[in-house]
Structure formats: structure tokens, C-alpha cells
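Peer 1: Dropping the structure in here first, questions after.
There are 4 protein chains.
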Amino acid sequence: MVMEQPPPPARRGRRRSEESRMAILAAAFELVGEVGYADLTIEGIAARAGCGKQTIYRWWPSMAHVLLEALAAKADLYVTNADHGSYAADLRAFIGDSFRLGRGRLVADILCALMAQAQIDAEFGEVFRADFLRRRRDALQVVLDRAAARGDLPASPAPPVVLDIVFGALWYRLMATRQPLDDALADDLVTTLTTASGGTR
Amino acid sequence: MVMEQPPPPARRGRRRSEESRMAILAAAFELVGEVGYADLTIEGIAARAGCGKQTIYRWWPSMAHVLLEALAAKADLYVTNADHGSYAADLRAFIGDSFRLGRGRLVADILCALMAQAQIDAEFGEVFRADFLRRRRDALQVVLDRAAARGDLPASPAPPVVLDIVFGALWYRLMATRQPLDDALADDLVTTLTTASGGTR
Amino acid sequence: MVMEQPPPPARRGRRRSEESRMAILAAAFELVGEVGYADLTIEGIAARAGCGKQTIYRWWPSMAHVLLEALAAKADLYVTNADHGSYAADLRAFIGDSFRLGRGRLVADILCALMAQAQIDAEFGEVFRADFLRRRRDALQVVLDRAAARGDLPASPAPPVVLDIVFGALWYRLMATRQPLDDALADDLVTTLTTASGGTR
Amino acid sequence: MVMEQPPPPARRGRRRSEESRMAILAAAFELVGEVGYADLTIEGIAARAGCGKQTIYRWWPSMAHVLLEALAAKADLYVTNADHGSYAADLRAFIGDSFRLGRGRLVADILCALMAQAQIDAEFGEVFRADFLRRRRDALQVVLDRAAARGDLPASPAPPVVLDIVFGALWYRLMATRQPLDDALADDLVTTLTTASGGTR
DNA sequence: GGCTAATCGAGACGGTACGTCTCGTCTTGTT
DNA sequence: AACAAGACGAGACGTACCGTCTCGATTAGCC
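Chains as they are written, first to last, in full-length UniProt numbering: chain A, 1 to 201; chain B, 1 to 201; chain C, 1 to 201; chain D, 1 to 201.
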């Protein structure tokens with residue numbers, strides 16, 4: 001839990017406009033849907049948001065950072081990992097939730113664009129991996145930890161490989177094959193990952 | 001069956017310069033290593049290649065297309081899928097070969113950049129998926145077909161899902177975690193995919 | 001009568017940089033002297049002025065407009081038409097002043113280039129005729145009006161023809177024969193135009 | 001009189017195509033009327049003429065040279081200077097003929113464009129002055145010589161100044177004021193130049 | 001009838017400037 | 001201070017022509 005100092009740091013001058021912040025996030029989200037990531041520009045977002053470009057540069061290092069925040073603000077990206085009683089059930093629920101998110105055209109497009117930008121812009125890559133990808137891995141890791149505690153986890157593959165397989169298949173479908181994230185894939189993943197190749201961890 | 005006359009191309013005018021083509025591909029490959037994809041420019045490639053910009057625009061729709069061709073020209077991207085006697089051995093060999101390619105820093109960077117560009121530029125995306133990604137899937141599909149013929153293939157996961165898992169894990173490590181494509185991952189993938197969850201296909 | 005309020009421009013945002021404006025005019029003037037009008041480029045002027053090309057395009061429609069303003073800023077193009085007591089003396093002074101201007105190699109070259117550009121670029125032609133040629137005609141017209149008021153003006157040629165003859169001879173020497181604008185020509189023009197062919201207007 | 005060696009140099013190989021030459025001149029003439037001199041290009045002329053660019057570059061140094069030859073081929077630029085019995089009559093006839101030519105919109109536009117090009121391109125300027133402007137001056141000089149022989153020529157202005165005044169007024173109207181070359185101007189010029197300011201030469 | 005040579009249409013080549021676009025920064029007056 | 005506005009230096013974009021350079025196909029003398 002974050003314990004923010006109740007006395008605000010006694011800042012001087014005008015405070016950051018929450019109105020501008022929201023307008024910028026909304027504008028970014030709208031525009032990426034209208035013109036696509038390739039044609040997104042800072043100038044376009046500022047114009048749509050009715051703000052100056054400087055206001056964007058002052059608070060975000062790049063357009064991708066804006067979009068990442070806009071995505072977080074719009075979509076509830078946080079998948080549940082409640083206890084469903086078994087590794088298979090937990091895994092199925094996690095994958096089902098994740099796939100559901102990726103089935104939205106706009107959200108999927110933005111995710112792909114951000115992953116793309118992470119390859120091209122190293123600074124954003126750091127942030128995207130730490131703030132977004134890492135969080136998703138951690139969420140699934142909780143499921144694996146619970147399974148291990150239960151003695152429910154197959155000996156193979158190793159937990160990090162499970163993460164690579166689940167998220168790998170997800171992202172590969174999004175970016176490479178553009179096939180829908182359907183239940184068949186989800187079921188096959190669960191079956192494959194829960195059918196022990198020998199013992200448990 | 002189309003019986004195209006090896007038709008007298010009846011070309012008039014000066015022919016395309018093979019020398020320029022090679023110089024451009026080489027320049028693109030060198031520059032992406034020196035300055036990175038983010039700072040690659042058509043002007044830079046033309047200057048390095050000693051050619052006019054128009055010569056690039058005349059033959060390639062975008063910088064990414066140049067890079068894709070340069071990659072194909074430089075790296076032998078075609079992984080073998082010879083018969084090693086069993087599904088497990090075939091799969092292990094295919095994955096091993098694929099990982100070996102992706103361990104080269106430069107090739108890996110270019111692959112990530114091209115996959116990124118495929119997300120941003122729809123036109124290039126088409127080409128990249130059809131000319132590159134599709135070929136790799138087809139190569140692995142041969143392995144699966146051989147295993148099915150042998151009665152060696154587990155009932156689950158379905159073949160397309162096998163492709164998604166293998167390539168998904170590969171690309172996810174390249175782009176998301178940037179963990180090395182090590183033998184542990186390869187071994188775990190083979191184990192997971194060859195340990196039948198029930199019968200064979 | 002237009003009574004324009006010196007209205008509070010209420011300008012927002014950064015103002016036009018007078019420093020850039022002067023640097024651009026100076027660069028244009030220098031470069032036309034160094035490389036000639038044929039090899040003058042917007043890029044060259046911007047580089048010499050240390051400004052971006054956009055700053056030129058933002059304020060001038062074409063290179064010729066820049067040069068016209070540069071000329072006006074550098075050379076005092078405005079010939080006096082003070083009263084010397086007689087039509088002949090006024091005319092001689094005006095022609096003498098005009099010729100003196102045209103004797104400068106650089107100014108003459110720029111004038112020829114601008115007149116040339118006025119033939120090729122209709123938009124610039126409008127401006128050049130209205131802002132430059134028209135002013136010079138008006139200045140000489142003042143001399144003719146004063147002569148007419150004095151009863152000093154020959155009946156022929158008609159005033160507009162006087163303008164055509166004086167400026168015609170001047171420009172024709174500059175552009176066609178490239179003969180110097182010498183006193184002999186000035187004297188002959190005055191003699192011819194002041195020797196009445198019958199009465200006064 | 002040019003005494004060309006009657007025996008042709010015994011050339012070998014294919015001869016210059018008269019067909020192409022005519023097609024190029026015609027294309028240049030048509031295009032300058034359709035798109036204007038500013039948008040005239042060698043490529044456009046070649047395309048219209050159905051010839052290769054090299055065929056133009058082989059025979060003319062620049063587009064302006066083509067246009068000059070096209071003009072000579074289309075318009076009969078040579079004004080008569082037959083003997084009409086008096087200086088005034090000869091001069092009036094010469095000016096009338098010259099003005100008639102300049103009244104054609106297309107011819108006038110081409111003349112202005114060529115004079116413009118002569119200011120910008122020194123090499124063409126040489127040719128234009130020697131081949132075109134000089135010829136016109138020579139033609140009027142014949143009229144002056146005849147008048148001098150007759151004892152018909154006013155003492156002032158000096159003959160070269162007469163040329164400057166006549167052609168100056170003509171070109172100035174074409175290029176600067178764009179006023180029509182009307183009879184009023186012609187009459188005023190004749191009156192002014194034939195009303196002796198004292199004696200004859 | 002071959003041979004050699006010059007020209008032809010076609011069109012790719014290395015260059016270069018164009019005018020546009022967007023970047024990220026800087027400078028205004030306002031809030 | 002932060003804000004909206006908007007000009008600034010910078011520099012890549014993709015296009016348009018430049019003038020040159022192959023190409024194969026003609027078309028002429030000459031042997």
C-alpha cells in the first residue's frame with residue numbers, strides 16, 4: 001500500500017491539469033483507432049486534445065508511453081488469478097481472461113503497436129517490459145506458485161518455460177498469424193501444460 | 001496448369017543493375033548493425049550504397065522490404081527438417097537450428113525490427129507473414145506430417161497449436177523477455193510436446 | 001477610407017524571429033552573388049542562414065520573393081524625384097539616379113533574375129509588377145505630372161509612352177544588350193523626350 | 001554567305017531523323033502552350049514527341065534552345081524592312097510588323113520565357129542574343145542606314161539609342177506592363193524618333 | 001551480303017532540390 | 001509553474017527531373 005505524504009510537497013506554481021491529462025489519453029486512444037498507430041503523431045494528439053505539444057512532452061517521454069497509459073486507463077488489463085481449486089482450473093481461467101482481452105480489435109492493435117515500439121525504441125522497451133509484460137508474468141507466476149504449493153505442478157516444463165509458452169502463443173497469434181485467440185488454443189495449452197511428463201515439482 | 005512461355009522478356013532500355021541491388025542490400029545490413037533500426041533511413045542506405053534514392057524506391061516499397069531481402073541474402077534462414085528417425089529427434093533438431101539463428105545478435109535484432117514493422121505497416125505485414133513467417137511454419141509442418149505418418153504424433157496439442165507454441169516461445173523470448181534461446185527451453189519444449197496426453201493421431 | 005484599428009494583435013505563441021528574417025535575407029543576397037541566381041536554392045539559403053527550410057516557406061512563397069525583399073532591404077531602390085525647376089532637369093536627374101542603380105553588377109544581376117522569374121512564375125510576376133515595377137513608374141509619373149502642371153510637357157509622346165521608353169531602354173540594356181547604362185544614353189533620352197514635336201500638354 | 005563544303009563529310013551510320021526533329025519541335029511548341037514554360041520538361045517533350053531523351057540532348061544543349069528553334073520554325077520572325085520612301089514610313093512599317101508578332105499570346109509568352117532564360121542561363125543567353133536579338137537589331141539598322149544615306153535621319157538620338165528605344169519599349173510592354181502593343185505606342189514612337197531635335201546626320 | 005558505325009526509343013542509373021511533414025525545443029501571454 | 005499557441009532548427013520523407021549510361025533495334029555507307 002502506498003503511503004503518500006498527506007502534506008503535498010508544498011509545490012509552487014500551477015498544478016498539473018488533470019483535465020489535460022485525461023483529454024490527451026482520450027485523444028490518443030481515439031486517434032489510434034481512427035488513423036492507426038502508423039499515422040499517430042504528437043501534433044495530432046495535441047490538436048485533438050486541445051492542448052499544446054509541450055504539455056505532452058512535459059509528462060510523457062514518447063507517444064508510446066501515452067498510449068500505454070491510455071490503454072491502462074481504458075481497458076482493465078488486470079486479469080484475475082483467483083484460486084479455482086486446481087492448477088488446471090486456475091490456468092484455464094487465466095488464459096481465458098487473457099484471451100478475452102486480446103480478442104478486442106482495438107486493444108489487440110494497440111498491444112501489437114506497443115510491442116512493436118518496444119523493439120524499436122529501447123527506452124520505451126524498458127518501460128513496457130517492466131510495467132506491462134512483467135506484471136502479466138507475475139500474475140501467472142502466482143498461479144504456478146499456488147500449484148507448486150499444492151503439489152499440483154508437473155515436473156516439466158519449468159515454470160519460466162510455462163510462462164514463455166502461454167504468453168508466447170498469445171503474442172504469436174496476435175502478431176504473427178492473426179488467428180483468433182479461440183478456446184481450442186486455450187484448451188490445448190491447458191492440456192499440454194497440465195499433462196505431467198513425470199512427477200510434480 | 002499454366003504453361004507460361006519462358007516468354008522473350010522483350011525488355012527494352014537499360015536493365016536493372018545487379019551491382020546496385022547488392023550494394024543496397026549490403027548497405028542496409030551494415031547500417032542496421034551500426035545505427036540500429038530506429039535510425040535507419042532510406043537516405044542513409046542510398047548514401048552508403050552509392051546510389052540514388054529513386055533506385056531504392058523503384059524496386060522496394062519500403063525500407064523493411066529491403067531489410068527482409070538483405071536478411072534473406074545474408075543469413076541462411078532456411079532451417080533443415082531432415083528425417084532423424086523420430087518426432088522427438090526431428091523436433092529437437094528443428095528447434096535447435098531455429099534457436100541457433102536467433103542467437104545471433106544482429107539477426108535477432110533485425111527479426112524483431114521486421115516483426116515490429118509488420119505490426120505498424122500493414123502492407124509490409126502481408127509480405128512478412130507470407131514470405132517469411134509462413135515459410136518457417138511450413139518447414140515445421142513437414143516435421144509434423146512425417147510424425148503423423150509414422151504414428152508418432154501425440155493427440156494433443158493439435159498441429160497448428162504445436163506451431164504456435166514453438167514459434168510463440170521463440171519470438172516471445174526474442175521480443176519480450178530477451179532471454180537467451182537456450183537448450184533448457186529447447187529441451188522443455190520437446191519434452192512437453194512429445195509427451196502424449198493420450199494416444200497418437 | 002479604411003480606418004484599421006492598430007488592433008491589439010492579441011497574438012499568442014512565439015513571434016516571428018526578426019533575427020531569422022534578417023539572416024535569410026542576408027544569406028540570399030550573399031549567395032546570389034557567390035553562385036548566381038541559377039544555382040540559388042532554398043536549401044542553400046537555409047543552410048547559410050542557419051535556419052530550417054520551413055522558416056523560409058512559412059513567410060515567403062518562393063525564392064524570388066525572398067530575393068525581392070532582400071534587394072529592397074539592401075539597396076535603396078527609391079530614386080528621388082525632387083523638383084529641379086524644369087522637366088528636362090527633373091527627367092535627367094531621375095534617369096541618372098536610375099542608371100546609377102543599374103550600374104552595380106550585383107544589383108543589375110538580381111534585377112534581371114527577378115524580371116526573368118516574373119515571366120516564368122505568374123504568382124511572383126504579380127508581386128514584382130505591383131510592388132516593384134509599379135512603384136518605379138509612379139515615381140517617374142510624379143515628374144511628368146509636375147511638368148504638365150508647369151506647362152512644360154511636350155504634346156508627344158503621351159505620358160505612358162514616356163514611361164515605356166525610359167524604363168524600356170533601361171531594362172533592354174540590362175537584359176538584352178548588356179551595354180552599360182552610360183550618360184550618352186541618358187542624354188539622348190532626355191533630348192528626345194523634351195524636344196517637343198509640337199506644343200505642350 | 002556561308003560556303004558549306006558541298007561534299008557531305010561522307011558520314012557513316014544512321015542519319016539524324018528529320019521526323020524526330022520535327023516531332024520534338026512540335027511537341028515543345030504544343031506543350032509550352034498547354035502547361036507553360038515553368039512546367040516544361042525535357043521528359044515531357046520526349047514523351048509527347050515519342051522519342052528518347054537522348055535524342056533531344058544529342059542535338060540541343062537545353063530546352064530553351066529547342067524552344068528557340070521551335071519558335072523560328074513556327075513563326076516567321078523576320079520582319080520586312082523594305083524601302084517605303086522615307087525614314088518615318090520605314091520605321092512605322094518595321095515597328096508595325098514587330099508589334100504584330102508580339103500580339104500573339106503564345107509567341108509573346110515564348111519570347112518572354114526565352115528572354116527570361118537568357119538571364120538565368122548564360123550559355124543560352126549568348127545564343128539568344130547572337131541568333132535572335134542581334135538579327136532584329138540588324139534589321140532595324142538597315143532602316144537607319146538607309147535614312148542616313150537619304151539624309152533623313154535626325155541628329156538625335158544616336159542610332160544605337162534608337163534601337164534601344166524601339167526594342168526597349170517593345171520588350172518592356174511584353175514583360176513588364178503586359179499592355180498591348182497598340183498603334184498608339186507605335187505612332188508615338190515614330191513621331192518621337194523622327195521629329196528632329198536639330199539637323200540630320 | 002556481311003561489317004562497322006551512328007542514331008533511334010526505352011528506361012534504369014547517380015544525383016540533387018523540391019516542398020511537406022513531424023520532431024522536440026523555445027518563446028510568447030494567460031491562468 | 002503549468003497552460004495553449006505557435007514559430008523555431010533540424011532533418012527524413014517521397015517525388016520530380018536532371019543529364020548520363022546501357023540496352024536491342026534500325027539504318028546507313030563500305031568492303
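Each residue gets a CB set at the ideal place from its N, CA and C atoms; glycine is no exception.
So with CB distances below 9 Å, who are the chain D contacts of W171 of chain C?
Peer 2: Against the third sequence, residue 171 of chain C aligns to sequence position 171. Under the 9 Å cutoff, chain D gives G168, W171, Y172, M175 and A176.
Peer 1: V190 of chain B to T194 of chain A, Cα distance in whole Å?
Peer 2: Stepping through the second sequence from its first residue, residue 190 of chain B is reached at position 190. Stepping through the first sequence from its first residue, residue 194 of chain A is reached at position 194. Going by the C-alpha atoms only, they are around 15 Å apart.
Peer 1: Please report the residue range of the alpha helix (DSSP H) in which residue 214 of chain A lies.
Peer 2: Nothing can be reported for residue 214 of chain A, as the shown portion of chain A is limited to 1 through 201.
Peer 1: Note down, in chain order, each residue of its chain lying with its Cβ closer than 6 Å to the Cβ of Q117 of chain A, except the 5 sequence neighbours on either side.
Peer 2: For this step, residue 117 of chain A is matched to residue 117 along the first sequence. A64 and F124, listed in sequence order.
Peer 1: Compare the C-beta of T192 of chain A with all C-beta atoms of chain B and state if any pair is closer than 7 Å.
Peer 2: As a position in the first sequence, residue 192 of chain A is number 192, starting the count at 1. Taking Cβ atoms only, chain B reaches closer than 7 Å to T192 of chain A, which makes this a yes.
Peer 1: When every heavy atom of the ligand MN is checked, does at least one fall within less than 6 Å of the C-beta of A130 of chain C?
Peer 2: Absent from the structure shown: the ligand MN. Ligands present: none.
Peer 1: Shorter than 7 Å from the beta carbon of Y37 of chain B to some beta carbon of chain A?
Peer 2: Along the second sequence, one-based indexing puts residue 37 of chain B at 37. Yes, contact with chain A.
Peer 1: Kindly list the residues whose CB is nearer than 8 Å to the CB of R11 of chain B, restricted to its own chain and excluding five residues on each side of it in sequence; keep chain order.
Peer 2: One-based indexing of the second sequence puts residue 11 of chain B at position 11. Counting only Cβ-Cβ distances below 8 Å, and skipping sequence neighbours, we find nothing.
Peer 1: Find the residues of chain D that neighbour A158 of chain C, judging by a C-beta separation of less than 8 Å, and give them in chain order.
Peer 2: Here residue 158 of chain C refers to the residue found at position 158 of the third sequence. Here the neighbours are A184 and D188.
Peer 1: Tell me the rounded alpha-carbon separation between L170 of chain B and A46 of chain B.
Peer 2: Residue numbering aside, residue 170 of chain B sits at position 170 when the second sequence is read from its first letter. Residue numbering aside, residue 46 of chain B sits at position 46 when the second sequence is read from its first letter. Approximately 33 Å between the Cα atoms of the pair.
Peer 1: Counting pairs of beta carbons, one from the region 152 to 171 of chain D and one from the region 72 to 80 of chain D, are three or more of them closer than 8 Å?
Peer 2: Segments in contact, no.
Peer 1: Tell me the rounded alpha-carbon separation between D121 of chain C and A176 of chain C.
Peer 2: Residue numbering aside, residue 121 of chain C sits at position 121 when the third sequence is read from its first letter. Residue numbering aside, residue 176 of chain C sits at position 176 when the third sequence is read from its first letter. Each residue's Cα considered, the two are about 20 Å apart.
Peer 1: Name the chain C residues whose beta carbon is nearer than 9 Å to that of R105 of chain D?
Peer 2: Here residue 105 of chain D is taken as the residue at index 105 of the fourth sequence, counted from 1. Residues of chain C passing the Cβ test: none, with the nearest at roughly 14 Å.
Peer 1: Quick one: is E19 of chain A buried, meaning 16 or more other Cβ sit within 10 Å of its Cβ, or exposed?
Peer 2: Along the first sequence, one-based indexing puts residue 19 of chain A at 19. So E19 of chain A ends up on the exposed side.
Peer 1: DSSP three-state call for A139 of chain A: helix, strand or coil?
Peer 2: One-based indexing of the first sequence puts residue 139 of chain A at position 139. A139 of chain A falls in the helix class under three-state DSSP.
Peer 1: Verify the CB distance criterion: does C51 of chain D have a CB-CB separation below 7 Å to chain C?
Peer 2: For the purposes of this step, residue 51 of chain D is taken as residue 51 along the fourth sequence, with counting starting at 1. With 7 Å as the cut-off, C51 of chain D does not count as an interface residue toward chain C.
Peer 1: Thinking F128 of chain B and L68 of chain B are a contact (beta carbons under 8 Å), I'd like their distance in whole angstroms, please.
Peer 2: Locating residue 128 of chain B in the second sequence gives position 128, where the first residue counts as 1. Locating residue 68 of chain B in the second sequence gives position 68, where the first residue counts as 1. Their Cβ separation, rounded to whole angstroms, is 6 Å, which keeps F128 of chain B and L68 of chain B in contact under 8 Å.
Peer 1: Pull up the distance between the alpha-carbon of V2 of chain B and that of R92 of chain A, whole angstroms please.
Peer 2: As a working note, residue 2 of chain B is residue 2 in the second sequence. As a working note, residue 92 of chain A is residue 92 in the first sequence. Interpretation of V2 of chain B is limited by its pLDDT of 44, a score under 50 that renders its predicted location unreliable; the figure taken from the coordinates is listed afterwards. Cα to Cα, V2 of chain B sits roughly 49 Å from R92 of chain A.
Peer 1: I'd like to know whether the C-beta atoms of Y172 of chain D and D164 of chain C end up nearer to each other than 7 Å.
Peer 2: As a first step, residue 172 of chain D must be located in the fourth sequence, where it is residue number 172. As a first step, residue 164 of chain C must be located in the third sequence, where it is residue number 164. Cβ atoms of Y172 of chain D and D164 of chain C: closer than 7 Å.
Peer 1: Could you give the distance in angstroms between the alpha-carbon of V161 of chain D and the alpha-carbon of A149 of chain D?
Peer 2: Residue 161 of chain D sits at position 161 when you count from the first residue of the fourth sequence. Residue 149 of chain D sits at position 149 when you count from the first residue of the fourth sequence. Their Cα atoms are separated by approximately 18 Å.
Peer 1: Given A108 of chain B, which residues of its chain have a CB within under 6 Å of its CB, disregarding the five upstream and five downstream residues?
Peer 2: Position 108 of the second sequence holds residue 108 of chain B. Only G102 and L174 meet the Cβ criterion.
Peer 1: Could you work out which residues of chain A lie near L133 of chain B, taking near to mean beta carbons separated by less than 8 Å?
Peer 2: Counted from its first residue, the second sequence places residue 133 of chain B at position 133. What L133 of chain B touches in chain A: A176 and T177.
Peer 1: Quick one: what does DSSP say R134 of chain B is sitting in, helix, strand or coil?
Peer 2: Along the second sequence, one-based indexing puts residue 134 of chain B at 134. Helix at R134 of chain B.
Peer 1: Please check if any C-beta of chain D sits within less than 7 Å of the C-beta of V143 of chain C.
Peer 2: In the third sequence, counting from the first residue as 1, residue 143 of chain C sits at position 143. V143 of chain C does not count as touching chain D.
Peer 1: So, with DSSP's three-state summary, where would you put P180 of chain D?
Peer 2: Position 180 of the fourth sequence holds residue 180 of chain D. Looking at P180 of chain D - three-state DSSP - the assignment turns out to be coil, as it is neither helix nor strand.
Peer 1: Can you name, in chain order, every residue of its own chain whose Cβ lies under 7 Å from the Cβ of E43 of chain C, other than the five neighbours on each side?
Peer 2: For the purposes of this step, residue 43 of chain C is taken as residue 43 along the third sequence, with counting starting at 1. Correct list, in chain order: K53.
Peer 1: Pick out whichever of B:G50, B:F94, B:R16 and B:L31 has its Cα sitting closest to the Cα of R137 of chain B.
Peer 2: Sequence index remark: in the second sequence, residue 137 of chain B carries index 137 (1-based). The residue with the shortest Cα to Cα distance from R137 of chain B is B:F94.
Peer 1: Establish whether the CB of I95 of chain A and some CB of chain B are separated by less than 7 Å.
Peer 2: As a first step, residue 95 of chain A must be located in the first sequence, where it is residue number 95. I95 of chain A does not count as touching chain B.
Peer 1: Run down chain C in chain order and give the residues with a C-beta less than 8 Å from the C-beta of V161 of chain D.
Peer 2: Taking the first residue of the fourth sequence as position 1, residue 161 of chain D is located at position 161. In chain order: A169, A184, L185, D188, L189 and T192.
Peer 1: Under 9 Å between beta-carbons, which chain D residues line up against M115 of chain C? List them in chain order, please.
Peer 2: Here the question's residue 115 of chain C lines up with position 115 in the third sequence. Result: M115, A116, Q119, M175 and A176.
Peer 1: For H65 of chain A, which of helix, strand or coil comes out of DSSP?
Peer 2: As a working note, residue 65 of chain A is residue 65 in the first sequence. Of the three classes helix, strand and coil, the one that applies to H65 of chain A here is helix, per DSSP.
Peer 1: Considering only their Cβ atoms, is the gap separating R48 of chain B from L31 of chain B smaller than 7 Å?
Peer 2: Residue 31 of chain B sits at position 31 when you count from the first residue of the second sequence. Residue 48 of chain B sits at position 48 when you count from the first residue of the second sequence. Going by C-beta atoms, L31 of chain B is nearer than 7 Å to R48 of chain B.
Peer 1: In three-state DSSP terms, what is V32 of chain C?
Peer 2: Against the third sequence, residue 32 of chain C aligns to sequence position 32. Looking at V32 of chain C - three-state DSSP - the assignment turns out to be helix.
Peer 1: Would you mind reading off the limits of the alpha helix (DSSP H) that contains A125 of chain C?
Peer 2: Locating residue 125 of chain C in the third sequence gives position 125, counting from the first residue. It should be noted that the sequence gives Gly, not Ala, for residue 125 of chain C. First-last of the alpha helix (DSSP H) with G125 of chain C: A122 to F128.
Peer 1: For a contact meaning CB atoms closer than 8 Å, what does I165 of chain C contact in chain D?
Peer 2: Indexing the third sequence from 1 puts residue 165 of chain C at position 165. Neighbours of I165 of chain C on chain D, chain order: I165, G168, A169, L189 and T192.
Peer 1: Is there a Cβ of chain C sitting closer than 7 Å to that of L77 of chain D, yes or no?
Peer 2: Residue numbering aside, residue 77 of chain D sits at position 77 when the fourth sequence is read from its first letter. Not an interface residue.
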